[in-house]
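Peer 1:
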Amino acid sequence: EAAVTQSPRNKVTVTGGNVTLSCRQTNSHNYMYWYRQDTGHGLRLIHYSYGAGNLQIGDVPDGYKATRTTQEDFFLLLELASPSQTSLYFCASSDAGLGGHEQYFGPGTRLTVL
Amino acid sequence: GDKVKQSPSALSLQEGTNSALRCNFSIAATTVQWFLQNPRGSLINLFYLVPGTKENGRLKSAFDSKESYSTLHIRDAQLEDSGTYFCAADRANTNKVVFGTGTRLQVLP
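Here the protein sequences come in this chain order: C and U. Anchor point for the first sequence: position 54 equals 53 in this note's numbering, and the numbering is continuous, going up by one each time. Just add 9 to the spot in the second sequence (first one is 1) and you have this note's numbering.
1. My assumption, with CB atoms under 8 Å, is that C:Pro106 sits in contact with U:Ser51. Please give the rounded CB distance.
2. Return the chain-ordered list of same chain residues with a C-beta closer than 6 Å to the C-beta of U:Ala37, the five sequence neighbours on each side being excluded.
3. Quick one: which residues of the segment 39 to 50 of chain U get their C-beta closer than 7 Å to a C-beta of chain C? List them in chain order.
4. Quick one: what does DSSP say U:Glu89 is sitting in, helix, strand or coil?
5. Quick check on this structure: which residue in C:Asn26, C:Tyr63, C:Gly52, C:Gly50 has the alpha carbon closest to the alpha carbon of C:Gly15?
6. Pick helix, strand or coil for C:Ser83, following the three-state DSSP scheme.
7. Can you check whether the C-beta of U:Phe34 is within less than 8 Å of a C-beta belonging to chain C?
8. For the candidate residues C:Phe73, C:Ser27, C:Thr4, C:Val59, whose alpha-carbon lies nearest to that of C:Ile45?
9. Would a check of beta-carbon distances place U:Tyr57 closer than 8 Å to chain C?
10. Touch check for the segment 24 to 41 of chain U and the segment 65 to 76 of chain C: three-plus C-beta pairs under 8 Å?
11. So, at 7 Å on beta carbons, what are the nonlocal neighbours of U:Gln87 in its own chain, with the 5 sequence-adjacent residues on each side left out?
12. For U:Val106, which residues of its own chain have a beta-carbon under 6 Å away from its beta-carbon, when the five flanking residues on both sides are left out?
13. Counting pairs of beta carbons, one from the segment 14 to 32 of chain U and one from the segment 85 to 103 of chain C, are three or more of them closer than 8 Å?
14. Could one say the Cβ of C:Pro60 lies closer than 8 Å to chain U's Cβ atoms, at least one of them?
15. Please determine, among U:Thr62, U:Asp73, U:Arg67, the residue with the shortest C-alpha to C-alpha distance to U:Ser28.
16. For U:Leu22, would you say it is in contact with chain D, using Cβ-to-Cβ distances shorter than 8 Å as the test?
17. Grouping DSSP H, G and I as helix and E and B as strand, with all else coil, what is U:Arg49?
18. How about C:His40: is its C-beta nearer than 8 Å to some C-beta of chain U?
19. Thinking just about the alpha-carbon of each residue, which of C:Leu113, C:Ser21, C:Met31 is nearest to the one in C:Leu49?
20. Should U:Thr62 and U:Ser74 be called a contact, given that it needs their Cβ atoms to be closer than 8 Å?
Written out as structure tokens, the structure is:
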């Protein structure tokens, strides 16, 4: 049974639109992450959280907000979507161990901004 | 600059042959993770390593933190090994993981 789920799996919106991407994990992990994947860039970290109510800035945060409502749920918000935010978005969860963070990914959400 | 550099960027192999993929780090990395992104886009966990080696079936990975690199060896490549391989390094003293840009592997019959 999938431990990290994302919804929706596909989304099309227009420039200026308001979009919320959802992620839920059942791994009982403390850390959750949002990444975007674009050709030539691999995965880049947008925001992450180490617990309910916590939010940390990633490497490419501009134009994105995020909120961690519970240990299980992490949301990514695009309040004024732009075509440059067309991308494949992944959510991941991890727990600190072995001096690092082994990441477990959801299936991804493909977002198109027209 | 590129903090995690993967090589080669693309590779074609005949079925049944062997290959090695490499990641070089310009950051202090404490652990390394290898993923396969399959043609459907799913990211599949292959290895999670502290310095040392791990083996799983036809795959073997090594991580040398002093020399700042990691390798993934594929033995007896099969068609289902096709996809894009990513390495990701846990950046020391942060809670962040940095990804390489991937190696696209095509296994030919």
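Note that CB positions come from ideal geometry on N, CA and C, so glycine has one too.
Peer 2: Short version:
1. Against the first sequence, residue 106 of chain C aligns to sequence position 107. Against the second sequence, residue 51 of chain U aligns to sequence position 42. Between U:Ser51 and C:Pro106 the Cβ distance is about 6 Å, and since that is below 8 Å, they are a contact.
2. Mapped onto the second sequence, residue 37 of chain U falls at position 28. Ala101, listed in sequence order.
3. Thr39, Thr40, Gln42, Gly50
4. The residue you call residue 89 of chain U lines up with position 80 of the second sequence. Looking at U:Glu89 - three-state DSSP - the assignment turns out to be helix.
5. Residue 15 of chain C sits at position 16 when you count from the first residue of the first sequence. Ranking C:Asn26, C:Tyr63, C:Gly52, C:Gly50 by Cα distance to C:Gly15 puts C:Tyr63 first.
6. On the first sequence, position 84 is the one that residue 83 of chain C refers to. Of the three classes helix, strand and coil, the one that applies to C:Ser83 here is helix, per DSSP.
7. What you label residue 34 of chain U is simply residue 25 of the second sequence in a count that begins at 1. No, no contact with chain C.
8. Translated into the one-based positions of the first sequence, residue 45 of chain C becomes position 46. Of the candidates C:Phe73, C:Ser27, C:Thr4, C:Val59, the one whose C-alpha sits nearest the C-alpha of C:Ile45 is C:Val59.
9. Residue 57 of chain U sits at position 48 when you count from the first residue of the second sequence. True, the Cβ-Cβ gap to chain C drops below 8 Å.
10. no
11. Taking the first residue of the second sequence as position 1, residue 87 of chain U is located at position 78. Excluding sequence neighbours, U:Gln87 sits near Glu24, Val116.
12. Here residue 106 of chain U corresponds to residue number 97 of the second sequence, with the count starting at 1. Same-chain partners within the cutoff: Ala97, Asp99.
13. no
14. If you number the first sequence from 1, residue 60 of chain C lands on position 61. Answer no: the Cβ-Cβ gap between C:Pro60 and chain U never drops below 8 Å.
15. Residue numbering aside, residue 28 of chain U sits at position 19 when the second sequence is read from its first letter. The option with the nearest alpha carbon to U:Ser28 is U:Arg67.
16. Annotation note: the requested chain D is absent from the structure, which comprises protein chains C and U.
17. Position 40 of the second sequence, counted from the start, is the residue given in the question as residue 49 of chain U. Here U:Arg49 sits in coil by DSSP.
18. On the first sequence, residue 40 of chain C is found 41 positions in, with the first residue counted as 1. With 8 Å as the cut-off, C:His40 counts as an interface residue toward chain U.
19. Position 50 of the first sequence, counted from the start, is the residue given in the question as residue 49 of chain C. Going by the sequence as given, residue 49 of chain C is Tyr instead of Leu. Checking every option, the nearest Cα to that of C:Tyr49 belongs to C:Met31.
20. The count along the second sequence starts at 1 and reaches residue 62 of chain U at position 53. The count along the second sequence starts at 1 and reaches residue 74 of chain U at position 65. Taking 8 Å as the Cβ cut-off, U:Thr62 and U:Ser74 do not qualify as a contacting pair.
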